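Protein chains in written order, with this note's numbering: chain E, 1 to 297; chain X, 1001 to 1298.
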Amino acid sequence: MTDSAPLPRPGAASRAPFGRRLCTTASSRDSGGYRVVSLVDREGPEPLPGQFYMLAAEDGWGAEDGRAFLPRAISVAETRVGAAGGGIRLDFLLDAVGPGTRALCDARAGEKIWITGPLGNSFASPREVAPGAAGAVLVGGGVGVAPLALLRRRFSERGVPHRVLLGFRDRAHSGGLDLFCGSSGALCPEVRLATEDGSQGVQGRVTDLLLSILAGDDAESGVVYSCGPPAMLEAVRALCADHGVACELALESPMACGFGACFGCAVPKPGGGYLRLCVDGPVLRGGQVGEVSHAYA
Amino acid sequence: MPELCGIELSTPVINASGTYDAIAARSVFGDELLDDFPFSAFVSKTITPEPRAGNAPRRIWETPSGMLNSIGLPNKGLEGFLAEDLPRLAELPVPLIVSIMATTREDFANCVERVARRPEVAAIELNVSCPNVHSGLIVGENPSETEALLEALRPQTEKPLIVKLTPNTAAPAAVAAGAERGGADAVSLINTLKGTAVDPASGVPALGNGYGGLSGPAVRPVALEQVRSVRARVGLSIVGMGGISSGADAAEFLALGATVVAVGTESFRDPRAGSRVAAELECTLLSERSSAPALHLD
Chain E
1 MTDSAPLPRP GAASRAPFGR RLCTTASSRD SGGYRVVSLV DREGPEPLPG QFYMLAAEDG
61 WGAEDGRAFL PRAISVAETR VGAAGGGIRL DFLLDAVGPG TRALCDARAG EKIWITGPLG
121 NSFASPREVA PGAAGAVLVG GGVGVAPLAL LRRRFSERGV PHRVLLGFRD RAHSGGLDLF
181 CGSSGALCPE VRLATEDGSQ GVQGRVTDLL LSILAGDDAE SGVVYSCGPP AMLEAVRALC
241 ADHGVACELA LESPMACGFG ACFGCAVPKP GGGYLRLCVD GPVLRGGQVG EVSHAYA
Chain X
1001 MPELCGIELS TPVINASGTY DAIAARSVFG DELLDDFPFS AFVSKTITPE PRAGNAPRRI
1061 WETPSGMLNS IGLPNKGLEG FLAEDLPRLA ELPVPLIVSI MATTREDFAN CVERVARRPE
1121 VAAIELNVSC PNVHSGLIVG ENPSETEALL EALRPQTEKP LIVKLTPNTA APAAVAAGAE
1181 RGGADAVSLI NTLKGTAVDP ASGVPALGNG YGGLSGPAVR PVALEQVRSV RARVGLSIVG
1241 MGGISSGADA AEFLALGATV VAVGTESFRD PRAGSRVAAE LECTLLSERS SAPALHLD
């Protein structure tokens, strides 16, 4: 397969079964300060890169002063068809920042998690985003590297030339790196790393790495795919706009339902009005979104 | 067979307005949604005379056993609803109830007349948690405002008019009585309770609008008491809601005089919650019946 083969897009083949379902936790492991929680889904389709699930632990939900109450929207980081015993293994990268993510991180093998999904749209191949674009630059930061791991594998399978730029605080906080490079600790050649203290890779920010690529001659032949904290996404969006490079950004927003019911995940449109990130996203083209802000992300 | 104002329902469980977008849900889940539609009637999100974009984020905030929302009634407006949404909602396998809000009696009357005239529409719910721009009063907080509004709307249609009561008033039963005097067929309660929260990260109100409405199991005891007090005052049909997440919760509302119940926030957690609550409720009612003391010997 070559880069001319477009990535599959959401449709009947990847449609979420109606309702939530209980899945068994296959494993939970530490990953540089984050956790990778793997579930076995026996009912749902294989998700596409960028799609997410609503997750709620069967045990421990509501255990902290009546929270967590709502399920949490989490992007899928990796999948494996034909998991032991059938079904699809879904890997989620989680940062225990609140009662919901803490309960999910605490789930151990054999414990159950409610899931609804796969939900939302997915990343498009470079030529669908920009005719004439052949390659891809993936830019991830923090726990937001998750959906880029699955996207990167799809690009590899399809022969889409790509580079991966990842940013972390420091070597000790480089969660999810193993999703790209395996557990050996060695960096694979197409992955470049920036850490704020320089303890691994280049000292600085991942957007410094992106700038050096965008300033190069072949920038316009690539499409930038990015997910990470709002300030990083905004820097990526602005850099791409300045250099005339197309981009797709996977955003995050407070979300109660994930299927268009709650209208909570409103993201302002540049011309006024709002998108619902759960059904109009989570992947948005650079032009679909104005300034990416903490106010809604 | 349960019924609401003459509308026959397959179960006593419908949805709360603004908590389920059946058009979006169908695009997400496909026609499986229609094969096992979770509610026995569908109540639309509130429509207003003109389109609304909704409130600035942040719009939702999780609370103990509940959530705050400040969504701001985003909708396509009357014309957009009639042209684009109503034909698609008519494809649902259940009766359709359309929720309407306006800030003048004239606008309200026009919306009611235009919507009720459509054969796809079984009943109208009136969202009165809004100001009357002429009096400045929140209609649903005031019995005489509510009565006067119903008097203006009643001549517009013979279809059932359901008044969605706000809980943010000292005497919801008095407002229900005003609705009854004005000619309403039913009341639905409760709407969300006014509330707010502070974002610990910023030290300022968490919601973009400064405050919002509380829903979820946290409000259930308040909702139950309001249903009880309204039932004691009026003979109207009652749609009871507020934090229902199980059949046992629904049974409490029915025990206090609700005619049917509505599921709202729980659908965010479980898109099929309506079906689950209906199935659990049937089991609850069956076991209550079988364990009830026999009053008559055949």
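Glycine residues also receive a C-beta, built at the ideal position from the N, C-alpha and C atoms.
Since the model is a prediction, treat every value here as computed from it, not as a measurement.
Chain-order list of residues whose beta-carbon lies under 8 Å from that of residue i (same chain, five-residue window excluded)
i	result
residue 1231 of chain X	1238, 1256, 1257 and 1258
residue 1 of chain E	Note on residue 1 of chain E: pLDDT 41, under 50, position unreliable in the model; no value is reported.
residue 1164 of chain X	1017, 1099, 1125, 1126, 1127, 1128, 1129, 1140, 1187, 1188, 1189 and 1191
residue 9 of chain E	48, 121, 122 and 124
residue 1075 of chain X	1045, 1046, 1047, 1048, 1051, 1052 and 1081
Candidates the options, of which the one nearest residue i by Cα
i	options	result
residue 100 of chain E	E:127, E:79 and E:60	E:60
residue 1264 of chain X	X:1008, X:1004, X:1006 and X:1021	X:1021
residue 1048 of chain X	X:1199, X:1072, X:1003 and X:1170	X:1072
residue 172 of chain E	E:188, E:150, E:195 and E:153	E:195
residue 56 of chain E	E:93, E:118 and E:73	E:73
residue 271 of chain E	X:1053, X:1008 and X:1288	X:1053
residue 139 of chain E	E:177, E:116 and E:104	E:177
residue 152 of chain E	E:78, E:269, E:46 and E:10	E:78
residue 148 of chain E	E:22, E:278, E:224 and E:119	E:224
residue 21 of chain E	E:41, E:52, E:262 and E:70	E:41
residue 137 of chain E	E:190, E:50 and E:64	E:190
Buried versus exposed, by CB contacts within 10 Å (16 or more), residue i
i	result
residue 1217 of chain X	buried
residue 198 of chain E	exposed
residue 122 of chain E	buried
residue 1101 of chain X	buried
residue 1087 of chain X	exposed
residue 203 of chain E	exposed
residue 1001 of chain X	exposed
residue 188 of chain E	exposed
residue 81 of chain E	exposed
residue 1283 of chain X	exposed
residue 131 of chain E	exposed
residue 1185 of chain X	buried
residue 1274 of chain X	buried
Neighbouring residues, chain C, relative to residue i (Cβ below 9 Å)
i	result
residue 67 of chain E	Within the model displayed, chain C is absent; protein chains E and X are what it includes.
Beta strand (DSSP E) segment containing residue i, residue limits
i	result
residue 1236 of chain X	Premise fails: residue 1236 of chain X is in no beta strand (DSSP E) and is neither H nor E.
residue 1162 of chain X	1161-1164
residue 1067 of chain X	1066-1069
residue 118 of chain E	112-119
residue 1110 of chain X	That residue, residue 1110 of chain X, is in no beta strand (DSSP E); its alpha helix (DSSP H) goes 1105-1116.
residue 52 of chain E	52-57
residue 227 of chain E	222-227
residue 31 of chain E	21-31
residue 1023 of chain X	Not the beta strand (DSSP E): residue 1023 of chain X falls in the alpha helix (DSSP H), residues 1022-1029.
Straight-line gap, residue i to residue j (C-alpha atoms, nearest Å)
i	j	result
residue 1018 of chain X	residue 1189 of chain X	14 Å
residue 3 of chain E	residue 134 of chain E	Note on residue 3 of chain E: pLDDT 48, under 50, position unreliable in the model; no value is reported.
residue 1012 of chain X	residue 1097 of chain X	15 Å
residue 1291 of chain X	residue 1281 of chain X	15 Å
residue 208 of chain E	residue 113 of chain E	39 Å
residue 1085 of chain X	residue 25 of chain E	40 Å
residue 143 of chain E	residue 1030 of chain X	31 Å
residue 1172 of chain X	residue 226 of chain E	51 Å
residue 13 of chain E	residue 45 of chain E	7 Å
residue 1070 of chain X	residue 244 of chain E	37 Å
residue 1254 of chain X	residue 1240 of chain X	8 Å
residue 268 of chain E	residue 1270 of chain X	27 Å
residue 259 of chain E	residue 96 of chain E	24 Å
residue 1151 of chain X	residue 1179 of chain X	9 Å
Same chain, Cβ closer than 6 Å to residue i, five either side skipped, listed in chain order
i	result
residue 193 of chain E	166, 200 and 201
residue 1093 of chain X	1034 and 1037
residue 232 of chain E	141
residue 1298 of chain X	Its pLDDT being 48, under 50, residue 1298 of chain X is placed unreliably by the model, and the measurement read from it follows with that caveat. No residues qualify anywhere along the chain.
residue 38 of chain E	26, 27, 89 and 91
residue 1219 of chain X	1193, 1242 and 1243
residue 15 of chain E	none
residue 1081 of chain X	1047
residue 1234 of chain X	1176, 1177 and 1180
Endpoints, the alpha helix (DSSP H) within which residue i is located
i	result
residue 1212 of chain X	Residue 1212 of chain X -> not in any alpha helix (DSSP H); beta strand (DSSP E) instead, spanning 1212-1215.
residue 238 of chain E	230-243
residue 1176 of chain X	1172-1182
residue 178 of chain E	177-181
residue 278 of chain E	277-280
Own chain residues within Cβ distance below 7 Å of residue i, not counting five before or after
i	result
residue 1058 of chain X	1206, 1207 and 1208
residue 1145 of chain X	1132, 1135, 1137 and 1139
residue 286 of chain E	237, 240, 241, 246, 247 and 249
residue 230 of chain E	292, 293, 294 and 297
Residue i: CB within 7 Å of a non-hydrogen atom of the ligand NAP
i	result
residue 87 of chain E	No copy of the ligand NAP occurs in the structure displayed, which carries no ligand at all.
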